[in-house]
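Visitor: Below is the structure I would like to discuss, written out as structure tokens.
Residue numbers (full-length UniProt numbering): 1 to 223.
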């Protein structure tokens, strides 16, 4: 499980990373709000642990933008601002839990695992973008109610795109999800599969769009 930790204190960030890694979680660390906002536009996480008092972009704005993109990843807020008003504001913006500093590492680990456990395995079995429908049980796609023939690699790319729920993913991350950490495979290979998929859906009401600096995005065409 990958966790994004957004904390500007190097000492606390290192301590939290060690604790979460010991709990068998993979941790990515960001030290400012702008960097966190950027990575959340392109990568998937099982949990976001978010400090509020961040440089460049405060934590509440990071959270507001995250939920505005319809990203439902669980968010655990960490903050020295422990007043009732602060907690209510964070929860109203879409946070799932709130932990005031100082706190015990064991409590953080327990809350993190509870949030991941609560969100794991409860997604819908059918995901739709325009007339393109994905069934997560049989891993099949249909377009205009007709089965869409795909190779295993094409299906894997399209799965990632449709499950992003309108969020972009960069080529390197998409390649890692499809090919794993196989260094013999270039991220440019993704371009081949994206090109093939575009040909197969070109006459439909959905499209794979390239967003400069962000990557690929699956979206329904405007009516």
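Beta carbons: idealized from backbone N, C-alpha and C, even for Gly.
1) Which runs of the beta strand (DSSP E) at least 3 residues long sit entirely within the UniProt domain "Response regulatory" (2–116)? Give them in chain order.
2) Please state whether the Cβ-Cβ distance between residue 116 and residue 30 is less than 9 Å.
3) I need the DSSP call for residue 147, collapsed to helix, strand or coil.
4) Is it true that the segment 142–157 meets the segment 13–32, where meeting means three or more beta-carbon pairs spaced less than 8 Å apart?
5) Rounded to whole angstroms, what's the CA-CA distance from residue 10 to residue 50? Just pull it up for me.
6) Kindly indicate the opening and closing residues of the alpha helix (DSSP H) around residue 197.
7) Which class does residue 181 belong to by DSSP, given the choice of helix, strand or coil?
8) Can you grab the Cα-Cα spacing for the pair residue 172 / residue 187, in whole Å?
9) Rounding to the nearest angstrom, what Cα-Cα distance links residue 200 and residue 99 in this structure?
10) Mind checking residue 223: buried by the 16 CB within 10 Å criterion, or exposed?
11) Given a threshold of 16 other Cβ atoms within 10 Å of its Cβ, counted over all protein chains shown, does residue 162 qualify as buried or as exposed?
12) Can you tell me which of 69, 130, 193, 214 puts its alpha carbon nearest to the alpha carbon of residue 207?
13) Under the three-state reduction of DSSP, which class applies to residue 156: helix, strand or coil?
Guide: In terms of the structure at hand:
1) 2–6, 26–30, 47–51, 75–79, 97–100
2) Here residue 116 refers to the residue found at position 116 of the chain shown. Here residue 30 refers to the residue found at position 30 of the chain shown. Taking 9 Å as the Cβ cut-off, residue 116 and residue 30 do not qualify as a contacting pair.
3) Mapped onto the chain shown, residue 147 falls at position 147. Note: residue 147 maps to strand in three-state DSSP.
4) no
5) For the purposes of this step, residue 10 is identified with residue 10 of the chain shown, where counting begins at 1. For the purposes of this step, residue 50 is identified with residue 50 of the chain shown, where counting begins at 1. Take the alpha-carbon of residue 10 and the one of residue 50: they are about 14 Å apart.
6) Within the chain shown, numbered from 1, the residue matching residue 197 stands at position 197. From DSSP, the alpha helix (DSSP H) with residue 197 extends over 189–201.
7) Taking the chain shown and counting its residues from 1, one reaches residue 181 at position 181. Residue placement at residue 181 is poorly supported in this model, since its pLDDT is 49, which falls under 50; the coordinates still yield a value, given next. In this structure, residue 181 counts as coil in the three-state DSSP scheme.
8) Within the chain shown, residue 172 is the residue found at index 172, counting from 1. Within the chain shown, residue 187 is the residue found at index 187, counting from 1. One C-alpha to the other measures close to 6 Å.
9) The residue labelled residue 200 in the question sits at position 200 within the chain shown. The residue labelled residue 99 in the question sits at position 99 within the chain shown. Taking the straight line joining both Cα atoms gives about 48 Å.
10) Your numbering for residue 223 matches position 223 in the chain shown. Burial is judged here by how many other beta carbons sit within 10 angstroms of a residue's own beta carbon; residue 223 has fewer than 16 and is exposed.
11) Taking the first residue of the chain shown as position 1, residue 162 is located at position 162. When all chains shown are included, residue 162 counts as buried.
12) Here residue 207 is taken as the residue at index 207 of the chain shown, counted from 1. Selected option, being the one with the closest Cα: 130.
13) On the chain shown, position 156 is the one that residue 156 refers to. Residue 156 falls in the helix class under three-state DSSP.
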